[in-house]
Amino acid sequence: MTVDEITTIADEILTRYLTASGYARVEVRPGYNQSDEPSLFVVAHMKPGAGVTGGKESNAANAALWLALREKGEERFPYLDFDYPDDEAFCDEALGDEDWDVEEDA
72 MTVDEITTIA DEILTRYLTA SGYARVEVRP GYNQSDEPSL FVVAHMKPGA GVTGGKESNA
132 ANAALWLALR EKGEERFPYL DFDYPDDEAF CDEALGDEDW DVEEDA
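Numbering (the working numbering), first residue to last: 72 to 177.
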């Protein structure tokens, strides 16, 4: 399947399962997983203020997406991730670890 076809299906599925959780749009990137198997990396972009999606909703969306793609002949597994625009960036500065790679007493 093409990325456009997969994106269309993913958007339909995620809209059905995640609209109440603040779903906004989907992004699909083909790639390889940690075992070097062809895979799909699907990112559900959420609306600002959406909060964290419940496990029941995210698992149902992931299962429905996988089943819908398999029915269309897609063999690559879709790894579903969520992007919340309100999440703060996690970085060394936030931890006060700006010099983490500098040896002590060097």
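The C-beta atom is built at its ideal place from N, Cα and C for all residues, glycine as well.
Values in this document were obtained by computation on a predicted structure and should not be read as measured data.
- Query: Which value, in whole angstroms, describes the spacing of the CA atoms of A121 and Y155?
  - Reply: 7 Å
- Query: DSSP on L89, reduced to helix/strand/coil?
  - Reply: helix
- Task: Assign S106 to one of two classes, buried (16 or more other C-beta atoms within 10 Å of its C-beta) or exposed (fewer than that).
- Result: exposed
- Query: Taking all protein chains shown into account, do 16 or more other C-beta atoms lie within 10 angstroms of the C-beta of A81, making it buried, or fewer, making it exposed?
  - Reply: buried
- Message: Please report the distance separating the alpha-carbon of F153 from that of V114.
- Response: 5 Å
- Item | Those residues which DSSP pairs with D152 across a bridge | V114
- Expressed to the nearest angstrom, what Euclidean distance is found between the alpha-carbon atoms of G144 and K118? 31 Å
- Message: Rounded to whole angstroms, what is the Cα-Cα separation between L30 and D157?
- Response: Any property of residue 30 remains undetermined from this structure, which presents the chain solely from 72 to 177.
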